[in-house]
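Each remark here refers to the structure printed beneath this line.
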Amino acid sequence: MRFGLCAGNLVVIRQLATWGYDYAEIGGSTVLPFEGDRAFAPVRAQLLECGVPIEALAGFIPGSVPILGPNVDPGQVRGYLETTIARAAEVGVRVINWGSVASRRVPDGWPMSKAWEQIERTAGLIADIAATSGVTIAVESVNPREANILFYLSEAVNLAQTINRPNFRLNVDYYHLYKQNEPPEHFTAAIPFLAHAHTSDDQRGFPALGGWDQRRFLRMLRAAAYDGRLSFEINGTLTPAFADAAQRSVARMRELQWELAAEGLQESEP
C-alpha cells in the first residue's frame with residue numbers, strides 16, 4: 442500500500458517525499474479551475490517539478506458550482522469539470538475523489554428524487570469527461586453530520602452500479618465509516634468497486650497518533666486485497682508541529698502495515 446497526504450500548499454507538497462510519503466493528493470483549487478491557461482502554466486510546472494508524484498485529487502467541486510437544486514448551470518458544470526479534470530491529468534492525477542458536499546447539498550424544499558436524478562446525471566458526465574483523460578473517479582459517501590445526501594457506502598455502490606462505467610468507482614474513508622458506524626456488510630459490498638481510500642484520526646488529525654485504532658481499517662483493506670493508495674486527509678496548516686506529526690504518522694502507519702503483514706504470514710504457516 443502507498444501512503445499520500447492531501448495537500449494544496451506547494452510548500453507542503455515539496456516536503457512530502459522527505460517526510461516519507463509516496464505521493465500527493467492535491468485539491469481541486471490547486472489547478473486554478475477558474476483561471477486561464479496562462480495563469481495555470483507556472484503552477485503546472487511547479488507541480489511537475491515538486492519532487493513527489495501528484496497522483497490524486499480531492500476537494501473536487503466547490504460549492505460555487507452546484508450540481509443539485511434549481512440553480513444548476515449545466516454549462517458552468519461542464520466547463521468546470523473539463524478544465525479541472527484535464528489539468529489534473531496533466532500533472533499526473535489518476536484518481537479523483539468526489540466528495541464535494543458543498544456542491545451536492547440538497548437545498549431546503551428540493552425533492553430528494555430530483556436530487557438523485559441530478560447526482561446520477563452529473564456522475565455520468567464526470568465519468569465520460571474523466572475517461573478522455575484516463576482518470577478514475579472515486580465517489581465518496583459522507584457522514585450525515587457533514588452532508589444531506591449520499592451518506593452510506595451502500596448508496597455509493599448503488600450509484601456506481603447505476604452509472605456502470607469502468608472508471609467510476611468508490612473512495613472509502615475511514616473517518617466517515619467510523620463516524621456513522623457503518624455495518625461491515627456495507628464495506629464488503631463496496632470491495633469490487635474500491636479504487637481509493639482515505640483515513641485520519643478524530644477531528645481529522647493524523648492517523649495513528651490519536652485514539653482511533655488504524656489497525657481496524659488496515660485489516661479491512663488487507664482483507665479486501667486492496668493494495669492501492671491511502672491518503673491522509675488532515676486539518677491543519679504548516680507549522681513545525683504539523684511537519685513533525687506528518688512524519689511520525691506515516692512512519693507509524695508503515696509500522697502497523699508491516700505488523701499486519703507479519704500476522705498474515707504467521708496465520709498462513711502450517
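This note's numbering puts the first residue of the sequence shown at 442, with every later residue one more than the last. Quick reminder that beta carbons are idealized off the backbone N, C-alpha and C, glycines included.
Cβ of residue i within 9 angstroms of Cβ of residue j?
i    : j    : result
G516 : S541 : no
E496 : W539 : no
I560 : I526 : no
V472 : R485 : yes
L594 : R660 : no
T640 : Y615 : yes
S554 : I502 : no
A649 : S690 : yes
A684 : Q487 : no
F444 : L671 : yes
G461 : C447 : no
L509 : A556 : yes
N676 : G646 : yes
H627 : V583 : no
A631 : V598 : yes
R562 : P507 : no
E466 : E704 : no
M424 : L679 : Because residue 424 is not part of the residues shown, which for the chain are 442 to 711, the question remains open.
State the DSSP-derived secondary structure class of residue i, mapped to helix, strand or coil.
i    : result
N450 : coil
N538 : strand
E696 : helix
V691 : helix
T459 : helix
R443 : strand
T640 : strand
V789 : This structure cannot speak to residue 789, because the chain is shown only from 442 to 711.
D549 : coil
R586 : coil
A543 : coil
F647 : coil
P507 : coil
L701 : helix
Q707 : Low confidence applies to Q707: its pLDDT is 49, below 50, so where it sits in the model is not reliable, and the reading given next is rough at best. Three-state DSSP puts Q707 in a helix.
N676 : coil
Smallest Cα separation from residue i: which of the options?
i    : options                : result
L697 : R656, I675, E674       : R656
F592 : L611, I578, N605, V576 : L611
I537 : A638, A686, P483       : A638
D478 : A529, E623, A682       : A529
V513 : Y619, E558, E490       : E558
M694 : D642, L679, G677, V547 : D642
V534 : Y464, T678, Q621       : Y464
P552 : R519, P511, P633       : P511
E588 : Q621, V598, L566       : The amino acid at residue 588 is misidentified as Glu; the sequence shows Ala. For the residues Q621, V598, L566, the minimum Cα distance to A588 belongs to Q621.
I604 : D569, A692, N450       : D569
F475 : V518, R663, A458       : V518
Q602 : P585, P633, P624       : P633
E596 : M442, P624, L522       : P624
What residue does the beta strand (DSSP E) around residue i start on, and which one ends it?
i    : result
G516 : Where G516 is concerned, there is no enclosing beta strand (DSSP E), although the alpha helix (DSSP H) it sits in stretches over 515 to 531.
Y464 : 464 to 468
F658 : No beta strand (DSSP E) holds F658; the alpha helix (DSSP H) holding it covers 655 to 664.
A579 : 577 to 581
E496 : 495 to 499
S672 : 670 to 673
In terms of residue numbering, what span does the alpha helix (DSSP H) encompassing residue i cover?
i    : result
A601 : 594 to 604
D478 : 478 to 489
Q559 : 553 to 572
Would you say the beta carbon of residue i is closer than 8 angstroms to some non-hydrogen atom of the ligand MG?
i    : result
A571 : For the ligand MG, the structure offers nothing, since it holds no ligand at all.
- List in chain order: all unbroken beta strand (DSSP E) runs of 3+ residues lying wholly within the region 600 to 636. Given a length threshold of 3 residues, each whole run of the beta strand (DSSP E) inside the region 600 to 636 is given here in chain order: 609 to 614.
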